[in-house]
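Participant:
Chains as they are written, first to last, in my numbering: chain A, 0 to 414; chain B, 0 to 414.
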């Protein structure tokens, strides 16, 4: 197996000022292409650290990728280190200089001596174009090994990974297939799932990789199998058997398969059934609506939403009766259902979906975080209760996903 | 300076299935306490890798922190490696076993032989309680060095960092102060800011650390100074001078100081002025509302919102005239202002805020992503145009922040 190390360079990563999404993206792109990232080292941009870590990783791995340390606000540490390592000097790379001049001219700047240095590259490298930014990437090949230096700006790096790095790795190192299938579970904890998977794992083909991925919409249980391309058909069969076994085991908790977002799945189901939806929100405060709108083309099934954050607005906008609030708490099945009915009428849609809940513990009453979901269609209304265990904003995020999942399930039952 | 390495253990990190927020949190907590994380290494949970990387980092650093590799779904690799490294055997840790039994009993499970092993700890370590989960942390001290092994579950690890690790590090290694101030800029790119900072940097005290942090609400320019506690007053003065210099330089781009979220700043300003707000959204689809509600106590100034995703809903709910849409595009200053006025009337608030825009390039017309913001108070209405440069959902996220910043600025002008 090809051993690949990623060195992410930048003090902000270590000071916790920037989340290291570059390593997530690199790991994910490699995985999709059948490779596995063996190690990720994050270091500050100190010359001696960059030098020693690049040397260490180069000695240990077949492929070394670096990101960061090339920008206009940094010195040329990475490049000088690489020139040393590959025993060459920095020379002006004319195409990169011209690209830099064009970009600067467009902004009305002239290229200073310092900026010109961005176009200086180690003589031994092959430049990798960076159409999204100013600093080109660098490819070094020696003794069958590869080192690629990429910029740290996420969308520049991502573009270079997809268009240059992955194709090169595939060409040089072939690639295994990584087949995988995902089961989405709700109302069950990772440790309970793990205990139950243990019971069925012996019945699965050897080599199945199991991943437990806690997400805001529930627990993702991923089954994967890594094989050479000629075994693809056999592996798909085996993976299918294992997947059915797991699906059986978690019958009551499975709410979906695959990796689509909850909003995307809901959108597909609404299109399939030819239904339009509107949303009334209280505790989620617009998050359910925002998730629905995050899907391109949602205007074909989404009419709109109302966030009625106060009781009197629930009355004025959604038409809830004052007597309802005399008989029931604002966080109740009755209010959730009335909100769903109200918003369905207000927007004149097939479906109304509503949330009312407590994002955090209520100080006066001591009531714990919880959620009531309401659903209304032409025939009837219904509701579901969900307990929440985290802090205010994690609870709101999870509540929004639970609302989408609830709608998904209820719409599935409409004939 | 104390050299600290964090080893994050887990294959999901390297497969890009989980974002490495543990390293962000550890980096951030260390920074707040005057420490700096020197290195972060992410590795899969293979015995030989865990062993070799722990040994390497232990040789190089004063403090080694690990997270992950302790859960019920993993083998005891980390613990066995640590027992070997510190020359001891695994023994049953009775308090941890009792805590495990209590937790399992509550769920109706009995503790299996395998689960019991979670309570086995290397004899040489001191157990660190984990009130948030089942696997205790482990503290090893030898030759003036410290090794702490923490669970990988983010909220368990975070709790242990705050309550056990940081206090211990402060006690053992003292701590420098890291003073910092943040300037928030909009409508300017990192490279332009960097060029302008270069011009004034010589006038600042030596040792000022400058960080450029691109965020969804704009560019955060952070000035920091690391000093021993006895130099605090001097350092605050110096940092204040440098901060004023930067503020002067970017006068036209500064929209705020400090690190509060845009929603929090808006909330504080609304409370200060005694004003209540309502929001009408189109392109942002509920995101502006959701951000406002993310702030605890927002019910004192937030009445609610309407997402009117279709023209006919903008008419029906917000009272916009059909003639408006004959004269103007739906993405226009006029529509944004009318939406702001409409939602202000609908919810009977002091302020109405509205968004209408294109989250992505419009296929038919070729119009680029853009945003019109509308603002209405008792006296007048106004609008602002914002260009957007990214993909659908980054644009929506940025648009929501721009709406909050716009409201913040406009409310600042109300007497």
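We treat Cβ as the ideally placed atom computed from N, Cα and C, and that holds for glycine. Values in this document were obtained by computation on a predicted structure and should not be read as measured data.
(1) Looking at the C-beta of residue 40 (chain B), does it have a partner C-beta in chain A at a distance below 8 Å?
(2) Against residue 1 (chain A), what residues of chain B qualify as contacts under a CB-to-CB distance less than 7 Å, listed in chain order?
(3) Residues of the region 19 to 40 of chain B with a CB closer than 9 Å to any CB of chain A: list them in chain order, please.
(4) Enumerate in chain order the residues of its own chain whose CB-to-CB distance from residue 185 (chain B) is below 7 Å, with the five nearest sequence positions on each side excluded.
(5) Mind listing which residues of the region 321 to 333 of chain B have their C-beta closer than 8 Å to chain A's C-betas, in chain order?
(6) Given that residue 309 (chain A) touches chain B, what residues does it touch there, using C-beta distances under 8 Å?
(7) Along chain B, in chain order, which residues have C-beta atoms closer than 7 Å to that of residue 392 (chain A)?
(8) Just mark residue 142 (chain B) as buried or exposed, buried being the case when its beta carbon has 16 or more other beta carbons within 10 Å.
(9) For residue 386 (chain A), write down the residues that DSSP places opposite it in a beta bridge.
(10) With H, G and I counted as helix, E and B as strand and the rest as coil, what does DSSP make of residue 162 (chain A)?
(11) Are the region 19 to 30 of chain A and the region 142 to 162 of chain A touching, with three or more C-beta to C-beta distances below 8 Å?
(12) Report the residue from A:0, A:373, A:78 and A:300 whose alpha carbon sits nearest the alpha carbon of residue 61 (chain A).
(13) Count the other CB atoms within 10 Å of the CB of residue 334 (chain B); is the residue buried (16 or more) or exposed (fewer)?
(14) What whole-angstrom Cβ distance do residue 344 (chain A) and residue 373 (chain A) have, given they're in contact under 8 Å?
(15) Between the C-alpha atoms of residue 243 (chain A) and residue 152 (chain B), what's the straight-line distance to the nearest angstrom?
(16) List, in order along the chain, the chain B residues whose C-beta lies closer than 9 Å to that of residue 15 (chain A)?
(17) By the criterion of Cβ-Cβ separation under 8 Å, what are the contact partners of residue 212 (chain B) in chain A?
(18) With 9 Å as the limit, tell me which residues of the region 329 to 363 of chain B have their beta carbon closer than that to any beta carbon of chain A; keep them in chain order.
(19) In whole angstroms, what is the alpha-carbon distance linking residue 10 (chain B) and residue 26 (chain A)?
(20) Measuring CA to CA, which of A:297, A:96, A:47 and A:79 is closest to residue 88 (chain A)?
(21) Grouping DSSP H, G and I as helix and E and B as strand, with all else coil, what is residue 214 (chain B)?
(22) With 8 Å as the threshold, decide whether the Cβ of residue 167 (chain B) is near any Cβ in chain A.
(23) Any Cβ of chain B within less than 8 Å of the Cβ of residue 286 (chain A)?
(24) What does residue 395 (chain B) reach in chain A if we use C-beta pairs closer than 8 Å?
(25) Nearest to residue 304 (chain A) by CA position, among A:314, A:338, A:12 and A:327, is which residue?
(26) Give the straight-line distance between the Cα atoms of residue 362 (chain B) and residue 290 (chain A), rounded to the nearest whole angstrom.
(27) Going by other Cβ atoms of all chains shown within 10 Å of its Cβ, with 16 needed for buried, is residue 376 (chain A) buried or exposed?
(28) List the residues of chain A whose Cβ lies closer than 8 Å to the Cβ of residue 369 (chain B), in chain order.
(29) Return no unless some Cβ of chain B is closer than 8 Å to the Cβ of residue 480 (chain A).
(30) Would residue 49 (chain A) and residue 76 (chain A) qualify as a contact pair, given that the criterion is a beta-carbon distance under 8 Å?
(31) For residue 125 (chain A), which option in A:3, A:357, A:82 and A:46 has the closest C-alpha, if you only look at C-alpha atoms?
(32) Below 8 Å on the Cβ atoms is my guess for residue 395 (chain B) versus residue 282 (chain B); work out the distance and round it to an integer in Å.
(33) Do residue 3 (chain A) and residue 28 (chain A) have their C-beta atoms within less than 8 Å of each other?
(34) Residue 292 (chain B) by DSSP, collapsed to three states: which one?
(35) Apply the 10 Å Cβ neighbour rule to residue 299 (chain B) and answer buried if 16 or more other Cβ atoms are within range, or exposed otherwise.
(36) Quick one: is residue 248 (chain A) near chain B, going by C-beta distance under 8 Å?
Facilitator: Judging by the given coordinates:
(1) yes
(2) Going along chain B, no residue has its Cβ under 7 Å from residue 1 (chain A), so there is no contact; the nearest lies around 13 Å.
(3) 19, 20, 22, 23, 24, 25, 26, 27, 28, 29, 30, 31, 35, 36, 37, 38, 39 and 40
(4) 217, 252, 254 and 404
(5) none
(6) Those are 298, 302 and 303, listed as they occur along chain B.
(7) 293
(8) exposed
(9) A:369
(10) helix
(11) yes
(12) A:0
(13) buried
(14) Wrong, their Cβ atoms sit about 13 Å apart, outside the cutoff.
(15) 28 Å
(16) 22, 23, 24, 25, 26, 27, 28, 29, 30, 31 and 36
(17) 11, 16 and 17
(18) 345, 346, 347, 358 and 359
(19) 10 Å
(20) A:79
(21) strand
(22) Among the CB atoms of chain A, none fall inside 8 Å of the CB of residue 167 (chain B).
(23) At least one CB of chain B lies nearer than 8 Å to the CB of residue 286 (chain A).
(24) 289, 292 and 293
(25) A:338
(26) About 22 Å.
(27) buried
(28) Under the 8 Å cutoff, chain A gives no residues; its nearest Cβ is about 17 Å from residue 369 (chain B).
(29) The displayed coordinates of chain A run from 0 to 414. Any statement about residue 480 (chain A) would go beyond what the structure contains.
(30) yes
(31) Closest by alpha carbon: A:82.
(32) That pair is a contact at about 7 Å.
(33) no
(34) DSSP places residue 292 (chain B) in helix when its eight states are reduced to three.
(35) exposed
(36) no
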